[in-house]
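Heads up, the thing below is written out as structure tokens.
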Amino acid sequence: MSKELCYVIDQISREKGISRDILIETLRSALLSATRKKFGDRTNVDLRIDPKTCDISVFETMKIVSKVTNKDEEISIDGARKIFPEMVEGDTVNVPLDLHGFSRIAAQTAKQVIFQRVREAERDVIYSEFKDKVGQIVSGIVMRKEKGIYFLNLGKTEAILPIKDTLPNENLKRSDTVRAFIEDVRITPKGPAIMVTRTSPLFVAALFKMEVPEIYEGLVVIKDIVREPGERTKLAVYSKNPSIDPVGACVGMKGTRVQSIVRELRGERIDIIPWTDDPRQLIARALSPAAVDRIGINEESKTAMVVVNDQQLSLAIGKKGQNVRLAMKLTGWDIDILSETEYSKIRIEEADRAFEDTIKKEPEKKDIPSVDG
17 MSKELCYVID QISREKGISR DILIETLRSA LLSATRKKFG DRTNVDLRID PKTCDISVFE
77 TMKIVSKVTN KDEEISIDGA RKIFPEMVEG DTVNVPLDLH GFSRIAAQTA KQVIFQRVRE
137 AERDVIYSEF KDKVGQIVSG IVMRKEKGIY FLNLGKTEAI LPIKDTLPNE NLKRSDTVRA
197 FIEDVRITPK GPAIMVTRTS PLFVAALFKM EVPEIYEGLV VIKDIVREPG ERTKLAVYSK
257 NPSIDPVGAC VGMKGTRVQS IVRELRGERI DIIPWTDDPR QLIARALSPA AVDRIGINEE
317 SKTAMVVVND QQLSLAIGKK GQNVRLAMKL TGWDIDILSE TEYSKIRIEE ADRAFEDTIK
377 KEPEKKDIPS VDG
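Here the numbering used here is used: the first residue of the sequence shown is 17, the next is one more, and so on.
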């Protein structure tokens, strides 16, 4: 039994990547529960498994007394000395129990419990492995689609990719290989649930970390990133090393780095701007690809009025307001955009109002009395 037990434990440990100590303790707990039932649920019954030989020993802890009043917990001094000659009254001893028929119980329990409990141990291993990968990208194969969810095969386990967390009009097929961002790892009754997404701005940031060595090494930092999945991403970057151009590092030679990310995102447009503490410059850069003529800001209310050439107005605002909406998220400023024509009209109207106010404030001219000659 011992050799067979060791073989089973070692084999499962190797195949499942579960600690041998965990398997032995799992079996010990199960066998102890079965043993205590066999002996009437006596709590002083214990069981040990030798970690090297897998030998099983079962015993009960008894107190040595001169006169036994509780045979389940006490042993007479004469009976104790037959097993342990040096013991004295008041000592406690571990008395071996009769294991007749126990091998059959052990074999049945080992077969039923180890494979039942090994799943729990596997779940613990998977949870420990993937909880440390939250914030990273994984690559999985689409296995099936059920109730609005894609299930991705990650090798040891599956990841959950809700359809709402895929890109617009992205229709994944069975056996497709897809990359996604680990957003969360949850404990559920069925085991760890690895939640992944392709719509988070952090997914794009993680892609840049993979593609741009300067970001991976911490030389270039993504200060902030905002996104409307499938449409456009804007990110502001800065360099800790003055000799490194942060935007150039992200774009790559002939655009190779950023184009690799654009392909992963199914053609999503990406605007990369250099971060600055100057709000005027930051707002102007955030409205890229539009060119800005002038900016007025109110730092107290964090509002900005931006004037652009008439031909740049639709580009600055973007489709359905997307460009200015992302620029506001990236900068943290409320931005109002005007064309040169609109701005000139406002200036003329303001000038007219100011002139009228000035006229109203002038004193009325008095009549000059006539002088008779």
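C-beta atoms are modelled at their ideal positions from N, C-alpha and C, and glycine is treated no differently. Just so you know, these numbers come straight off a predicted model, no measurement behind them.
Looking at the strands, I want to know which residues DSSP matches up with residue i.
i, result
"Val267", "DSSP, once it has assigned bridges, lists no residue as partnering Val267."
"Leu251", "Ile241, Ile288"
"Lys79", "Glu90, Thr108"
"Leu63", "Val74"
"Asp200", "Met211"
"Ala175", "Leu168, Ile210"
"Asp350", "Thr319"
"Val2", "No answer is possible for residue 2: the residues shown for the chain start at 17 and end at 389."
"Ser355", "Val324"
Given residue i, which residues of its chain have a CB within under 8 Å of its CB, disregarding the five upstream and five downstream residues?
i, result
"Val150", "Ile198, Glu199, Asp200, Val201"
"Leu2", "With the chain covering 17 to 389 only, the question about residue 2 has no answer from this structure."
"Ala332", "Leu303, Ala306, Val308, Val322, Val324, Asn339, Val340, Ile353"
"Ser386", "Because Ser386 carries a pLDDT of 44, less than 50, the predicted location of this residue cannot be relied on, and no value is offered for it."
"Gly337", "none"
"Ile277", "Val220, Leu223, Phe224, Glu227, Ile286"
According to DSSP, is residue i helix, strand or coil?
i, result
"Thr182", "coil"
"Lys161", "strand"
"Ile384", "Reliability fails at Ile384, whose pLDDT of 40 lies under 50, so the model's placement of it is uncertain and the value that follows must be treated cautiously. Coil, per DSSP."
"Thr69", "coil"
"Ser191", "coil"
"Asn314", "strand"
"Val154", "strand"
"Val236", "strand"
"Thr85", "coil"
"Phe224", "helix"
"Leu113", "coil"
"Pro305", "coil"
"Glu102", "coil"
"Asn339", "helix"
"Ile25", "helix"
"Lys256", "coil"
"Asp261", "coil"
"Phe146", "helix"
"Asp294", "coil"
"Ile299", "helix"
"Gly283", "coil"
"Ile35", "The sequence given here places Ser at residue 35; Ile does not occur at that position. Note: Ser35 maps to coil in three-state DSSP."
"Pro229", "helix"
"Gly389", "Only weak support is given to the placement of Gly389: the predicted model assigns it a pLDDT of 39, under 50, and the value that follows is read from those uncertain coordinates. Reduced to three states, the DSSP call for Gly389 is coil."
"Pro205", "coil"
Cutting at 6 Å between CB atoms, please list the residues of its own chain near residue i, excluding the five before and the five after it.
i, result
"Thr347", "Leu298, Ile299, Ala302"
"Asn169", "Gly156, Ile157, Met159"
"Ser73", "Arg64"
"Asp192", "Val158"
"Arg190", "Val158"
When burial is assigned at 16 or more other CB atoms within 10 Å of the CB, is residue i buried or exposed?
i, result
"Tyr166", "buried"
"Pro229", "exposed"
"Glu76", "buried"
"Ile210", "buried"
"Pro101", "exposed"
"Pro258", "exposed"
"Gly171", "exposed"
"Glu174", "buried"
"Phe131", "exposed"
"Phe23", "The residue asked about is misnamed: residue 23 is Tyr in this sequence, not Phe. The residue in question, Tyr23, is exposed, as its Cβ has fewer than 16 Cβ neighbours within 10 Å."
"Ile362", "exposed"
"Lys250", "buried"
Considering only their Cβ atoms, is the gap separating residue j from residue i smaller than 7 Å?
i, j, result
"Val267", "Val274", "yes"
"Leu354", "Val323", "yes"
"Ala221", "Lys239", "no"
"Met78", "Ile91", "yes"
"Pro67", "Ile40", "yes"
"Arg214", "Leu183", "yes"
"Val154", "Leu177", "no"
"Ile260", "Leu235", "yes"
"Tyr232", "Trp291", "no"
"Gly246", "Glu284", "yes"
"Ile241", "Pro217", "yes"
"Ser18", "Asp71", "yes"
"Val129", "Ala196", "no"
"Val109", "Met103", "yes"
Here's a check: name, in chain order, each residue in its chain whose Cβ is nearer than 7 Å to the Cβ of residue i, leaving out the five neighbours to either side.
i, result
"Thr204", "none"
"Ile34", "Ile28, Val134, Ala137, Glu138, Val141"
"Ile351", "Ile299, Ala320, Val322, Val340, Ala343, Met344"
"Lys89", "Reading off the sequence, residue 89 comes out as Glu, not Lys. Once the five neighbours on either side are set aside, the close Cβ partners of Glu89 are Asn60, Met78, Lys79."
"Ile364", "none"
"Asp181", "Thr213, Arg214, Thr215"
"Asp326", "Ser355, Glu356, Thr357"
"Lys393", "The first residue shown for the chain is 17 and the last is 389, placing residue 393 beyond what the model contains."
Is the beta carbon of residue i within less than 6 Å of some heavy atom of the ligand SAM?
i, result
"Gly271", "As far as ligands go, the structure on display features none, and thus does not contain the ligand SAM."
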